[in-house]
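Peer 1:
In the working numbering, the protein residues as written are 2 to 458.
Put into structure tokens, the structure is as follows:
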């Protein structure tokens, strides 16, 4: 717990207006326009959320050695050791996404004039989590349910025909290409932590279950007289709801060691797990011609098993020796994605290529700082560098920040997280009679909003 220093009861006008100004800055940040990442690769890797409480989001998940709520105990269950009382927590979140796809316009001299944006896709994914922690100091227990993975992806491309003079700039809308995936894989479980002097250990166990998992893909034709620009010559719009065929079980183990009042180190381990499903929608494959991973939208239902590797994370918390109520957090996580596997059921035709893309080991480096402006208002900021197991070009920098208000046993927190990545990829939908326009410019962006409330008894 951060030691709060008693403030002088006599406040200057500047002190009195400081919480109001900070709150105004946070509100302005929250209502700002969505910045830049959804991911076309989500069905491959299942976008790992992992963070649900606003404090964890604001610190970019670097605070694995410190307790926030019951939802954070699955990152390192040892962090709840030493807690006394009963704490109830709940969080709501929204992940807003944006994707721009463009292709270069080249003049007669071979120079690139501009990049023409032909797709602007937007989507939103809502998340909910909650939990409770009870502790007597040496032993603490937590129950929690929190979003863990999401396959969310949205794509909508307008297809327009070509008209001749005098109808320039009045190209008719012929139809749309659709690709939409939604839902979350929720994790629910229990964890416990206990302390032995300066050493804390913890164990967490949880089960995964799907919530609102849906796929929709296809083509809507508005003008059947001219379909040459479409990827198919007839209406094709399919939708499906799918579930997990298994109940994945994940174990989290953690340990924390205190070195005096100012330093704390931690280590945690999350076991590998597999997700089994039967879907008619997106299945991960490898295209040996393009030498790229891709999603194949099959017409027949295919059973698949996706194996996600284990995760190891080291953490550090440092509290300066001065009187400022401040804490600095660092963490380094590692996953060996060379152990990633996809296997298919017997219904898979031999013509389909299994996923054999050479995945890479990946590190995630996180850092965060938390400073209490006064005994009621914290300021938090975080940064995270996430390596991609697919390609270093897909690595992302993530910025986050947040604040809150604490009044007695009640605490309210808000946070925002921004990420962006740009890369080159080929067309998702290929026009009739044409080959894929390879390596177009793709700009993906994602903004995560979180609001949490906690009450301690």
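The beta carbon of each residue, even a glycine, is placed where N, CA and C say it ideally should be.
What does residue 48 pair with, by DSSP beta-bridge criteria?
Peer 2: Position 47 of the chain shown, counting from 1, holds the residue named residue 48. 151, per the DSSP bridge assignment.
Peer 1: Per DSSP, what kind of secondary structure is residue 338 in: helix, strand or coil?
Peer 2: As a first step, residue 338 is located in the chain shown; it is residue number 337 there, counting from the start. Residue 338 falls in the helix class under three-state DSSP.
Peer 1: Tell me, which residues are paired with residue 325 by DSSP?
Peer 2: In the chain shown, counting from the first residue as 1, residue 325 sits at position 324. The partner list for residue 325 (beta bridge, DSSP) is empty, contrary to what the question assumes.
Peer 1: By how many angstroms is the C-alpha of residue 111 removed from the C-alpha of residue 30?
Peer 2: As a working note, residue 30 is residue 29 in the chain shown. As a working note, residue 111 is residue 110 in the chain shown. Confidence in residue 30 is poor, its pLDDT being 31 and thus under 50, which makes the residue's placement unreliable; the coordinate value appears in the next sentence. Taking the straight line from one Cα to the other gives about 43 angstroms.
Peer 1: Ordered along the chain, which non-local residues of its own chain (more than five positions away) have a Cβ less than 6 angstroms from that of residue 210?
Peer 2: Numbered from 1 along the chain shown, position 209 holds the residue referred to as residue 210. So the qualifying residues of the chain are 187.
Peer 1: May I have the straight-line CA-CA distance separating residue 182 from residue 154, to the nearest angstrom?
Peer 2: The residue labelled residue 182 in the question sits at position 181 within the chain shown. The residue labelled residue 154 in the question sits at position 153 within the chain shown. Residue 182 and residue 154: Cα-Cα distance of roughly 5 angstroms.
Peer 1: Would you mind giving the Cβ-Cβ distance between residue 312 and residue 100, rounded to the nearest angstrom? I have them listed as a contact below 8 angstroms.
Peer 2: Locating residue 312 in the chain shown gives position 311, counting from the first residue. Locating residue 100 in the chain shown gives position 99, counting from the first residue. 27 angstroms between Cβ atoms; not a contact.
Peer 1: Thinking residue 363 and residue 388 are a contact (beta carbons under 8 angstroms), I'd like their distance in whole angstroms, please.
Peer 2: Numbered from its first residue, the chain shown carries residue 363 at position 362. Numbered from its first residue, the chain shown carries residue 388 at position 387. Yes, they are in contact, since the Cβ atoms of residue 363 and residue 388 sit about 4 angstroms apart, within 8 angstroms.
Peer 1: Flag this pair as yes or no: are the beta carbons of residue 96 and residue 457 separated by less than 7 angstroms?
Peer 2: If you number the chain shown from 1, residue 96 lands on position 95. If you number the chain shown from 1, residue 457 lands on position 456. Their beta carbons are not under 7 angstroms apart, which means residue 96 does not touch residue 457 by this criterion.
Peer 1: Alpha carbon to alpha carbon, how far is residue 314 from residue 367?
Peer 2: Along the chain shown, one-based indexing puts residue 314 at 313. Along the chain shown, one-based indexing puts residue 367 at 366. Looking at the two C-alpha atoms, the distance is approximately 11 angstroms.
Peer 1: Cβ of residue 221 within 7 angstroms of Cβ of residue 79?
Peer 2: Working through the chain shown from its first residue, we reach residue 221 at position 220. Working through the chain shown from its first residue, we reach residue 79 at position 78. No; because the gap between Cβ atoms is not below 7 angstroms, this pair is not in contact.
Peer 1: Where does residue 198 sit, in a helix, a strand or coil, going by DSSP?
Peer 2: Stepping through the chain shown from its first residue, residue 198 is reached at position 197. Correct three-state label for residue 198: coil.
Peer 1: Between which two residues does the alpha helix (DSSP H) holding residue 58 run?
Peer 2: Mapped onto the chain shown, residue 58 falls at position 57. Element bounds for residue 58: 55-59.
Peer 1: Since residue 284 is in the beta strand (DSSP E), which residue starts that stretch and which ends it?
Peer 2: Stepping through the chain shown from its first residue, residue 284 is reached at position 283. Element bounds for residue 284: 283-288.
Peer 1: What three-state label does DSSP hand residue 299 in the structure shown?
Peer 2: Along the chain shown, read from residue 1 onward, the residue named residue 299 stands at position 298. The answer is coil: DSSP assigns residue 299 none of H, G, I, E or B.
Peer 1: Using a 10 Å radius around the Cβ and a threshold of 16 neighbouring Cβ atoms, would you call residue 198 buried or exposed?
Peer 2: Translated into positions along the chain shown, residue 198 becomes position 197. By the 10 Å Cβ count, residue 198 comes out exposed.
Peer 1: If we count the other Cβ atoms within 10 Å of its Cβ and call it buried at 16 or more, is residue 284 buried or exposed?
Peer 2: Translated into positions along the chain shown, residue 284 becomes position 283. Residue 284 comes out buried.
Peer 1: If distances are taken between C-alpha atoms only, which option among 273, 375, 326 and 404 comes closest to residue 342?
Peer 2: Position 341 of the chain shown, counting from 1, holds the residue named residue 342. If we check each option's Cα against that of residue 342, 273 comes out closest.
Peer 1: Quickly, what does DSSP pair residue 319 with across the bridge? List them, please.
Peer 2: As a working note, residue 319 is residue 318 in the chain shown. Answer is 264 and 329.
Peer 1: Please confirm whether residue 128 and residue 86 have their CB atoms less than 7 angstroms apart.
Peer 2: Counting from one through the chain shown, the residue named residue 128 turns up at place 127. Counting from one through the chain shown, the residue named residue 86 turns up at place 85. Cβ distance not < 7 angstroms, so residue 128 and residue 86 don't count as in contact.
Peer 1: Just to confirm my understanding: we take residue 518, look at its own chain, exclude 5 residues before and 5 after, and list those with CB closer than 6 angstroms. What are they?
Peer 2: Nothing can be reported for residue 518: it is not among the residues displayed for the chain, which extend from 2 to 458.
Peer 1: Would you mind stating whether residue 130 and residue 147 have Cβ atoms separated by less than 7 angstroms?
Peer 2: The count along the chain shown starts at 1 and reaches residue 130 at position 129. The count along the chain shown starts at 1 and reaches residue 147 at position 146. For residue 130 and residue 147, yes; Cβs fall inside 7 angstroms.
Peer 1: Assign residue 272 to one of three DSSP states: helix, strand, or coil.
Peer 2: Here residue 272 corresponds to residue number 271 of the chain shown, with the count starting at 1. The answer is coil: DSSP assigns residue 272 none of H, G, I, E or B.
Peer 1: Using 10 angstroms around the beta-carbon of residue 1, count the other beta-carbons present and answer buried if the total reaches 16, otherwise exposed.
Peer 2: Nothing can be reported for residue 1: it is not among the residues displayed for the chain, which extend from 2 to 458.
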